[in-house]
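Q: Following this message is one structure expressed as structure tokens.
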Amino acid sequence: MVKGQHQSVERTLGVRRFTIITAIAVLMAFGIAIQAGGKLLKDAGVVATPQQYMALALNDPTSLPTDVAPGATVHFSFAMSSTRTNAVNQKWIVALSSSASSKQVLAQGSANIRAGSSTAIPVSFTMPDLPGILTVSISAPSQGIAPLQFHVTTANAGAA
Amino acid sequence: MTATLTLPAYRAVDRGLHVKRPSQVSRLWSKSATTLMLLTFFDLTVATRHLLLGSRLCALALVILLPGVTIVSATRIRLDSRASQLALVVGAGTFAVMLWAAISSAVFPPLGVSRPLETWPLTLAVNVICLLAVLACPAGTDPILLLLDGPRSRLTIPIVAVGCLLPVAGVAGTERLNAGRGSLVTLVVWITVFLLLGALLCSLSRLTESQIQIALFSASLTLIYLFSYRSNQLFGFDIQQEFQRFSTTLAAGRWTPPTNGDPYAAMLSITALPASLAKVSGISGLYIFKGVFPLFLAWIPPLTYGFARRWFSPLPAAVSAIYLIMLAQFAAELSGISRQEVGLFYFAIFLLAAFDSHLDTRRRTILAAAILAALAVSHYSTFYTAVTLLVVTAIAFGIFRLALRLRGRRRRLRNQKGFVPLLIIALSGVELLLVWDVGVTSSAQNLASFFRSMIDQGPSILPDSKGSILTRWLNGNVNPRVSPTSFYRMAKQASKDQSWLHPYPLSLTSHYPATAAPSIKSTGLGLNGVANGLESIGTVVGELFLVMVILGTLVMLVKNRRSPVPMEVALLCTATLLFVAAIRISGTFGQAYNQDRAQIQAGMILCVSLALAVSWFAKRSPRLTTAAAVISLLILGATVPAGSSGLAAQLGPGGSPLLENGGTAYNTDYMTQQEVAAARWLEKTAGRKPLISTDEFGELRIWAGTTYTAATQTLLTPATIDQRSWVFATGYNLNGTAYGAVNDDASIYQFPIAFLNRVKSTVYSSPGARVYR
Chain A
238 MVKGQHQSVE RTLGVRRFTI ITAIAVLMAF GIAIQAGGKL LKDAGVVATP
288 QQYMALALND PTSLPTDVAP GATVHFSFAM SSTRTNAVNQ KWIVALSSSA
338 SSKQVLAQGS ANIRAGSSTA IPVSFTMPDL PGILTVSISA PSQGIAPLQF
388 HVTTANAGAA
Chain B
2 MTATLTLPAY RAVDRGLHVK RPSQVSRLWS KSATTLMLLT FFDLTVATRH
52 LLLGSRLCAL ALVILLPGVT IVSATRIRLD SRASQLALVV GAGTFAVMLW
102 AAISSAVFPP LGVSRPLETW PLTLAVNVIC LLAVLACPAG TDPILLLLDG
152 PRSRLTIPIV AVGCLLPVAG VAGTERLNAG RGSLVTLVVW ITVFLLLGAL
202 LCSLSRLTES QIQIALFSAS LTLIYLFSYR SNQLFGFDIQ QEFQRFSTTL
252 AAGRWTPPTN GDPYAAMLSI TALPASLAKV SGISGLYIFK GVFPLFLAWI
302 PPLTYGFARR WFSPLPAAVS AIYLIMLAQF AAELSGISRQ EVGLFYFAIF
352 LLAAFDSHLD TRRRTILAAA ILAALAVSHY STFYTAVTLL VVTAIAFGIF
402 RLALRLRGRR RRLRNQKGFV PLLIIALSGV ELLLVWDVGV TSSAQNLASF
452 FRSMIDQGPS ILPDSKGSIL TRWLNGNVNP RVSPTSFYRM AKQASKDQSW
502 LHPYPLSLTS HYPATAAPSI KSTGLGLNGV ANGLESIGTV VGELFLVMVI
552 LGTLVMLVKN RRSPVPMEVA LLCTATLLFV AAIRISGTFG QAYNQDRAQI
602 QAGMILCVSL ALAVSWFAKR SPRLTTAAAV ISLLILGATV PAGSSGLAAQ
652 LGPGGSPLLE NGGTAYNTDY MTQQEVAAAR WLEKTAGRKP LISTDEFGEL
702 RIWAGTTYTA ATQTLLTPAT IDQRSWVFAT GYNLNGTAYG AVNDDASIYQ
752 FPIAFLNRVK STVYSSPGAR VYR
């Protein structure tokens, strides 16, 4: 009788230990399945995937030129960053426009941006002799990004 | 219920059987073996957390459960059901982690450990706490195996399996929608949850208490995850500020009481707790907030069921719990308020413990006071409300007992025994408020401003609603929406108080008048008549439930001798009902505590009133009652969740944040990585204490992405933008929509992009966010 009781309690304890081990095993297996099936699950869209996009940013936006004499050289730099998983060769264009004149390309080029990183691009150009408030724009075509822009006033501003 | 399983040798000794008495070492081993093995495994998972996701998940579970189970076992407290006991274990473990984080943050830095909330100091602390607690456990019982005590049923495993799969399916569906792959999976999961709850009501007699509670937990968690997993960032308003305070604590490696009275920084539930969990488990803070906090909230319906079940049969108790799940704000709103998820969880355990007649009075009083302490450090509003209700109930109960004494009803008086413990618990609540909120964290400014408003303006009955009395009641304290032109005018008026503001000249701003926002795209079916009809039916059903709650409370109070509910609980229900009415009609109360959230906390108590009303019907016609409950709860489920963006709304104009990537709620609450990245760039580039302007919900993106705690300027109109300020534009701003509010008068208007392009430089630009300077 005592032996029977003893065995019964031992069996109950065994079942409970087994329950704990099973719970831990299920949790571990769940984690391993998610880790191992990462690509598959991402392809199925059932786990979070980071957005892939490009961004433009001026490197020192607080010291942009505001008043520039015609013929003076303007220096600034901007950065193109990418969260894409592959390297991108991206074209860029720096242009000048005003209400009185058509758009004028000041500088252009292309930059190789590695996956998930950013590239700084220094720009310098000579300010043309145009009247009024001018807008310098920096664009990265075909990325769906609005161009960066800042306004400069030339010494001729009053003549407009 | 008392412990039923004792280790074999002890059981034999207890029964006077002649077996060899175990040695000291074997006695110690018998009660600590499982704990020691699990502690070793815990240390191993912490060590391998960087390698395996499974390790992270196990470490997360064990860091809460191991301290909890050993502490509860050491206190020798057993609540009346397995679910309640497990909740108590989770609550004790969570409180232990919070308390340790607070104590170690205060004690260790002067001793040279500057970052006590790092992985290994915390892991060591968990080991020590568990070992000390297991030594204090009663001899002959294994605390961990004891937790699994109770009857078993074949149905349990399939129910647990479905209960685990449903939330996982919900997350998968939500992630698919996030990735722009449609809402079919989400819709299927949502409908499955409702059908599961309907089936649950129809098969209560075949299920055990634990199985019913598992089903309620799973349904709640699934609905909550449908919201919390929206977006790759956090989804909601308050949660962004909470995450910011967490990030500050995590970066500091310690928790410090706020010096500026900031109530968010004062709450351990959103600072020390997630920081400790993130450090020990290696799971990112983002997923602690998205995935772990909802587990606390999901406990509430099963625990509410357990509370109502004390006095009623399964059907009324289950209807009450499911009604709570179906309330619009349960999943939609509370999933975005992590501090209240933890606070309400403690409040649910508090109700179970404080009114558990199986526990002896002394143990019950101490346990209730300890849970109140956990509530005090978790969420201030839930705590203040709990203390207020307790004090009012204790006073009312005292008056009731006095009336019985004066009328010479000595026999009845002898049956009303709960007064002294209730009074002690209420007083301990007041004391905790003074110690924690006033003394330690100096964060009682919300309470102080409530009292100031009450003195200055009185209760201020329905100050903002317009229309008939019926409309005003149905709408409660809802503010009207103002036109863009009015908003521009009000914003300009409000900015006159900002003496530091350097606005652009009127000659310039007057060229950019307010215009209406473009219509927001959404993919509703356009059956507006059907949607409105369903929503009206939903409103009527919701009000019918409210009438049943009122009738149930009145019957419980007036005919208490014939009701199974004790008088102190009837008085608590009455106090709660009056509190809900006050929040709904009083502007002063409404400003102090959001009425939607108050309704959930009140619902956890008033489930007893609803259960009483349902049980009256159930006694007369159980089948009819079940059928009526299933139909009415399904109607509520289809119409009410997420307010105007529920399933029914999708039949009409659309805009459900759960079913489409569009609409107002999507705009305001769904944050993109591009927006957060732009906010981070802004913080990094703009230097110390920059002046930032953004619209009302752009502010969330700043909170989500940065540690910027200064107030952002959210009056984003040409006349109120400072010439020196940075302007942060969200994705929906770039599509033309902006949101603003002045003194709670909200408006939707066209984002002033032409003005910004004219006067500012575009200094950061991505497809989904922009920064101007």
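In the order they appear, the protein sequences are chains A and B.
Per our numbering, residue 238 is the first one in the first sequence, and the count goes up by one each step.
Per our numbering, residue 2 is the first one in the second sequence, and the count goes up by one each step.
Here a beta-carbon is modelled for each residue, glycine too, at the ideal position from N, C-alpha and C.
These numbers were taken from a predicted model, which means no experiment stands behind them.
Is it buried or exposed for Asn261/B, if we count other Cβ within 10 angstroms and need 16 for buried?
A: exposed
Q: Any chance you could list the alpha helix (DSSP H) runs of at least 4 consecutive residues sitting entirely within the stretch 512 to 579 of chain B, in chain order?
A: As far as the stretch 512 to 579 of chain B is concerned, its whole alpha helix (DSSP H) runs of at least 4 residues are 529 to 559.
Q: According to DSSP, what are the bridge partners of Leu398/A?
A: There is simply no residue 398/A to check, as chain A begins at 238 and stops at 397 in what is shown.
Q: Would you call Pro519/B buried or exposed, if buried means 16 or more other Cβ atoms sit within 10 Å of its Cβ?
A: exposed
Q: Using 8 Å for Cβ pairs, my map puts Ile289/B next to Thr366/B. What's the rounded Cβ distance?
A: Ile289/B to Thr366/B, Cβ: 33 Å. No contact.
Q: Does any CB atom of chain B fall closer than 8 Å to the CB of Pro287/A?
A: yes
Q: At a Cβ threshold of 8 Å, is Ile145/B touching chain A?
A: yes
Q: Given that Pro295/B touches chain A, what residues does it touch there, using C-beta distances under 8 Å?
A: Simply none; closest approach about 16 Å.
Q: According to the neighbour-count rule (16 or more other Cβ atoms, all chains shown, within 10 Å of its Cβ), is Ser206/B buried or exposed?
A: exposed
Q: Take Ala318/B and list the residues in its own chain whose beta-carbon comes closer than 6 Å to its own, dropping the five residues that flank it on each side.
A: Correct list, in chain order: Tyr306, Ala309, Arg310, Ala612.
Q: What residues from the stretch 47 to 69 of chain B come within 8 Å of chain A, judged by C-beta to C-beta, listed N to C?
A: Leu53, Leu54, Gly55, Ser56, Arg57, Leu58, Cys59, Ala62
Q: Relative to the C-alpha of Val439/B, which residue among Ser454/B, Leu298/B, Arg490/B, Tyr385/B is closest?
A: Tyr385/B
Q: Would a check of beta-carbon distances place Thr256/A closer than 8 Å to chain B?
A: yes
Q: Rounded to whole angstroms, what is the Cα-Cα separation between Phe488/B and Ser511/B?
A: 15 Å
Q: Alpha carbon to alpha carbon, what distance is there between Asn734/B and Ala515/B?
A: 15 Å
Q: Could you give the first and the last residue of the continuous alpha helix (DSSP H) run that contains Gln245/B?
A: 239 to 253
Q: Confirm, please, whether the CB-CB distance from Val343/B to Ser379/B is below 8 Å.
A: yes
Q: Mind checking which residues open and close the beta strand (DSSP E) that includes Ile749/B?
A: 746 to 751
Q: Since Gln345/A sits in a beta bridge, which residues does DSSP pair it with?
A: Ile330/A
Q: Would you mind sorting Leu545/B into buried or exposed? The rule is 16 or more other CB atoms within 10 Å of its CB.
A: exposed
Q: Across which residues does DSSP place Phe729/B in a beta bridge pair?
A: Val772/B
Q: Along the chain, where does the beta strand (DSSP E) containing Leu371/A start, and where does it finish?
A: 370 to 376
Q: Please classify Gly55/B: is it buried, with 16 or more other beta-carbons within 10 angstroms of its beta-carbon, or exposed?
A: buried
Q: Taking only beta-carbon positions, decide if Gln86/B is within less than 8 Å of chain A.
A: no
Q: Listed in chain order, which residues of the stretch 676 to 689 of chain B have Cβ atoms closer than 9 Å to some Cβ of chain A?
A: Listed in sequence order: Ala678, Ala679, Trp682, Thr686, Ala687, Gly688.
Q: At 3 residues or longer, and completely inside the stretch 184 to 221 of chain B: list those beta strand (DSSP E) runs for me, N to C.
A: none
Q: Output the distance between the C-alpha atoms of Tyr230/B and Phe452/B, rounded to the nearest integer angstrom.
A: Answer to the nearest angstrom: the Cα atoms are 38 Å apart.
Q: Quick one: what does DSSP say Val306/B is sitting in, helix, strand or coil?
A: The identity of residue 306/B in the sequence shown is Tyr, whereas the question assumes Val. Of the three classes helix, strand and coil, the one that applies to Tyr306/B here is helix, per DSSP.
Q: Are the stretch 761 to 771 of chain B and the stretch 280 to 297 of chain A touching by the rule of at least three beta carbon pairs closer than 8 Å?
A: yes
Q: Quick one: residues in its chain with C-beta nearer than 7 Å to the C-beta of Ala687/B, no 5 flanking neighbours on either side, listed in chain order?
A: Trp727
Q: Which residues in chain A have a C-beta closer than 7 Å to the C-beta of Glu176/B? List them in chain order.
A: Gly282, Val283, Val284, Ala285
Q: Would you say Ser154/B reaches chain A, if we count a Cβ-Cβ gap shorter than 8 Å as a contact?
A: no
Q: Tell me which residue opens and which closes the alpha helix (DSSP H) that Gln386/A is part of.
A: Unbroken run through Gln386/A is the beta strand (DSSP E), 385 to 391; no alpha helix (DSSP H).
Q: Using a Cβ-Cβ cut-off of less than 7 Å, give me the residues of the stretch 220 to 248 of chain B that come near chain A, in sequence order.
A: Asn233
Q: Just the C-alpha distance for Phe698/B and Thr669/B, rounded to the nearest angstrom, thanks.
A: Between Phe698/B and Thr669/B, the C-alpha separation is close to 6 Å.
Q: Using a Cβ cut-off of 8 Å (strictly closer), state whether Thr187/B contacts chain A.
A: no
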